[in-house]
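Presented below is the structure to which this report refers.
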Amino acid sequence: MPVKHRVKNYQLGGIYYIYSRAWEGREVFKDDEDFNLFLDWMKKYLIPVKVETAAGYKTERPYKLKRRMEMNLADNVEMWAYCLMPDHFHLLVRQNWEKGIAELMRRAMTGFVMDYNRKYKRRGMLWDGVYRAALVSEEEVVEATRIIHLNPVNRVVKRFGPVETVTGSRPEEYLYSSYRSYVGEVREEWVKTEKVLELAGGKQKYREFVEKGRGDGRKYEWEMD
């Protein structure tokens with residue numbers, strides 16, 4: 000029998016909760032550089048390549064620029080929410096192309112692991128097997144983002160070492176989630192907040208919804224164990 004949430008027959012237009020935990024629960028993100036490295040690999044494929052602002056576009060050979068544009072996935076998959084914790088991560092993504100999510104995860108995760116292993120001069124497994132993914136209905140999308148954004152709350156992130164991203168009780172204090180994009184404190188071009196905010200009734204209502212916290216104790220089918 001397949002492990003729950005590991006069979007990935009993605010639906011076109013589907014919204015997916017993606018989760019992965021470090022091998023043996025070890026810390027992966029040891030410092031701010033590690034967090035940013037992971038996010039940079041996501042941005043590489045999710046921020047559209049704009050020819051007029053591409054670094055070196057005046058001198059870059061046309062075929063190289065064309066290749067970068069072809070590799071870009073901004074039209075094929077959308078990042079709706081994310082949260083990185085020292086030993087795991089949560090993503091909420093929408094599939095706009097039949098291979099969008101699979102390609103994003105393959106390319107970004109491969110790039111991150113290669114850079115990470117080079118930095119720490121290590122080999123071997125980094126993640127606990129294949130990432131898990133589960134379909135989320137539109138009716139539960141706002142709740143899914145709340146669960147993602149509340150992940151750091153009341154957790155002592157600093158327990159793993161020097162990472163200065165410890166949070167107390169407010170999700171906007173945590174640097175490595177998309178919550179601050181939702182409430183307007185920062186702007187991340189590659190994070191698509193529009194649909195969730197529309198469903199929630201705007202930024203202020205969304206903030207109130209998240210800060211209220213989870214009250215019903217319900218366990219959703221797509222939540223990861």
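Residue 192 in numbering that gives the first Met the number 0 sits at position 193 of the sequence shown, and the numbers go up by one each step.
Even glycine gets a Cβ: it sits at the ideal position worked out from N, Cα and C.
Closest option to Arg106, judged by alpha-carbon separation, among Asn95, Pro85, Leu38 and Ser136: Leu38. Membership of Arg131 in the beta strand (DSSP E) is indicated by the continuous run Arg131 to Val135. Comparing alpha-carbon positions, the option among Glu193, Lys118 and Met108 lying closest to Arg93 turns out to be Glu193. Ile147 places its beta carbon less than 8 angstroms from that of Ser176. Boundaries of the beta strand (DSSP E) around Glu77: Val76 to Met84. Excluding residues up to 5 positions away in sequence, Val141 lie with their Cβ nearer than 6 angstroms to the Cβ of Leu198 in the same chain.
Membership of Ser177 in any beta strand (DSSP E) is not indicated, and neither H nor E is assigned to it by DSSP. Here Ala73 carries a coil assignment [DSSP, helix/strand/coil]. With contacts defined by Cβ atoms closer than 8 angstroms, Glu26 and Asp86 form a contacting pair.
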